[in-house]
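Numbering (full-length UniProt numbering), first residue to last: 1 to 178.
Virtual Cβ for every residue (Gly too), placed ideally from N, Cα, C.
Quick notes on the structure that follows.
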Amino acid sequence: MNQLKSDEYPAIFSDYIETVTGDVMEELKTQLDTFPEFIDSIPENMGSYAYAEDKWSIKEVLCHILDCERVMAYRALRFGRNDMTALASFEQDEFVSNGRHNERQLADIAQEFIHLRKANLYLFEAFDENELARKGMASDRLISVRALLYVIAGHLNHHTIILKARYLKNQNLSNDVV
């Protein structure tokens, strides 16, 4: 896959994209193993923990990652298939507040991620260079299909860093995961 160019995405996604230092497809595949391992390392009794009153719980953050991957993959599908209909934004706080995520088990969230990522990898691997270069409007911002793949990988990296630093800093989790 060709390297991502700065004109393929809006600056708002830079923080996510910069966490992807190698080949994005390899990163997405590696996350297929490391992210479920990371989730499995979190004690179930920590799942509903939030480090501050106005912050999401661990389970809400994890499910937010899944929701965002679905939204970004849908955008990639639409633009990759040359559907240039402008796509609306989504309200992440509404997704979280209406998701009943704290009722779920961490193991189920990990399994859902595995299935979601495997399905998305089939789609992403089927895109050719022309399809990856296509751009469309999402949330009033122009973005390429290739950049959406970087956003998916980088968004997961971003939130994993936050989970480790703010939610799980006093836990003895393996540093080998994500």
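Legend entry - Integer Cβ distance of E60 from L106, believed to fall under 8 Å: For the purposes of this step, residue 60 is identified with residue 60 of the sequence shown, where counting begins at 1. For the purposes of this step, residue 106 is identified with residue 106 of the sequence shown, where counting begins at 1. In fact, because the Cβ distance is near 12 Å, the residues do not count as touching under 8 Å.
Inset, instruction - Just confirm the distance between the C-beta atoms of L149 and F124, as a whole number of angstroms; I'd bet it's less than 8 Å. - result: Within the sequence shown, numbered from 1, the residue matching residue 149 stands at position 149. Within the sequence shown, numbered from 1, the residue matching residue 124 stands at position 124. With 8 Å as the limit, L149 and F124 qualify as a contact, their Cβ atoms being about 6 Å apart.
Legend entry - Member of F90, Y74 and L168 whose CA lies at the smallest distance from the CA of D140: In the sequence shown, the residue the question calls residue 140 occupies position 140. If we check each option's Cα against that of D140, F90 comes out closest.
Inset, instruction - Could you pull the start and end residues of the beta strand (DSSP E) that L142 belongs to? - result: As a first step, residue 142 is located in the sequence shown; it is residue number 142 there, counting from the start. Segment R141 to S144, the beta strand (DSSP E) holding L142.
Inset, instruction - Ignoring anything shorter than 4 residues or poking outside the UniProt domain "DinB-like" (28-160), list the alpha helix (DSSP H) runs there in chain order. - result: 58-80, 92-97, 106-126 and 129-133
Inset, instruction - Out of D23, S6 and S57, state which residue places its alpha-carbon closest to the alpha-carbon of H159. - result: Within the sequence shown, numbered from 1, the residue matching residue 159 stands at position 159. Minimum Cα distance to H159 is reached at S57.
Inset, instruction - Please confirm whether A110 and I39 have their CB atoms less than 7 Å apart. - result: Residue mapping note: residue 110 aligns to position 110 of the sequence shown, counting from 1. Residue mapping note: residue 39 aligns to position 39 of the sequence shown, counting from 1. Cβ distance < 7 Å, so A110 and I39 count as in contact.
Legend entry - First and last residue of the uninterrupted alpha helix (DSSP H) at D15: As a first step, residue 15 must be located in the sequence shown, where it is residue number 15. S14 to I17 is the extent of the alpha helix (DSSP H) around D15.
Inset, instruction - Please classify S6: is it buried, with 16 or more other beta-carbons within 10 angstroms of its beta-carbon, or exposed? - result: Reading the sequence shown from its first residue, position 6 is the one you call residue 6. Looking at its Cβ environment, which holds fewer than 16 other Cβ atoms inside 10 Å, S6 is exposed.
Inset, instruction - Give the DSSP-derived three-state secondary structure of V178 in the structure shown. - result: Residue 178 sits at position 178 when you count from the first residue of the sequence shown. Caution is warranted here: a pLDDT of 49 is assigned to V178, below 50, making its placement in the model unreliable, and the coordinate value is therefore given only provisionally. Reduced to three states, the DSSP call for V178 is coil.
Inset, instruction - Would you tell me roughly how many angstroms separate the C-alpha atoms of E26 and D67, rounded to the nearest one? - result: As a working mapping, residue 26 is identified with position 26 in the sequence shown. As a working mapping, residue 67 is identified with position 67 in the sequence shown. Distance between the alpha carbons of E26 and D67 is about 21 Å.
Inset, instruction - Rounded to whole angstroms, what's the CA-CA distance from T21 to A147? Just pull it up for me. - result: The residue labelled residue 21 in the question sits at position 21 within the sequence shown. The residue labelled residue 147 in the question sits at position 147 within the sequence shown. So the alpha carbons of these two residues sit roughly 13 Å apart.
Legend entry - Residues near V177 by beta carbon distance below 7 Å, same chain, minus five either side: Residue mapping note: residue 177 aligns to position 177 of the sequence shown, counting from 1. With a pLDDT of 48 at V177, under the threshold of 50, the modelled position of this residue cannot be trusted; read the value that follows with caution. Once the five neighbours on either side are set aside, the close Cβ partners of V177 are T34, E37, F38 and S41.
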